[in-house]
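Residue numbers (the numbering used here): 401 to 573.
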């Protein structure tokens, strides 16, 4: 997506749909991803519409490739780059460049939460089958229930027509 398309989408999200986000950084070593091999950026996200929270403290993660230091190349091979990426995932701000916070794009957050919340009335068995989960997995069931909660939050905050229009905006994001 080109920058001007991103800016237009951002304007529609903020001005048209009146969505803003608040994010709280969660250090990798205490996040749900703490046991993963590669570090990750993690946040608790709250979405607001017209100043009212409609989705609170949703866990949102981005892989280490979203770290500013990762773009230097050499992650996993160059000790300095690997250390910088790890520190960014632990502290939530750019490494050695001051205290500028690393914040997820509201476009990425909304897009991901729209996809997560697209259960669309599927039974657990159908949902698990469609997404490659084992229907006997308690972990999969927990994810399914979280997706249902996200879907419910979207439906409480938006009319069916507005939610459909929002989904259509992000169809090719």
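Glycine residues also receive a C-beta, built at the ideal position from the N, C-alpha and C atoms.
All of these numbers come straight from a predicted model, not from anything done at the bench.
7 angstroms CB neighbourhood of residue 462 in its chain, flanking five on each side removed:
440, 441 and 504
List the whole-angstrom C-beta distance separating residue 512 from residue 460, where the pair is believed to meet the contact cut-off of C-beta under 8 angstroms.
7 angstroms
State whether the segment 442-458 contacts the segment 421-428, with contact taken as three or more CB pairs (one from each stretch) at a distance under 8 angstroms.
yes
Report the three-state DSSP secondary structure of residue 463 (helix, strand or coil).
strand
Could you check if residue 447 is buried or exposed, using at least 16 other CB atoms within 10 Å of its CB as the buried criterion?
Looking at its Cβ environment, which holds 16 or more other Cβ atoms inside 10 Å, residue 447 is buried.
Sequence ranges, alpha helix (DSSP H) only - wholly within the segment 421-509, length at least 4:
DSSP runs (the alpha helix (DSSP H)) wholly in the segment 421-509: 479-491.
Grab the span of the alpha helix (DSSP H) containing residue 529 for me, first residue to last.
524-531
Please list, in chain order, all residues of the same chain as residue 514 whose beta carbon is under 8 angstroms from its beta carbon, the five residues on each side excluded.
554, 566, 567 and 570
Neighbourhood of residue 474 by C-beta distance below 7 angstroms, restricted to the same chain and skipping five residues each side:
481
Identify which residue in 502, 533, 413 and 550 has its Cα closest to the Cα of residue 457.
550
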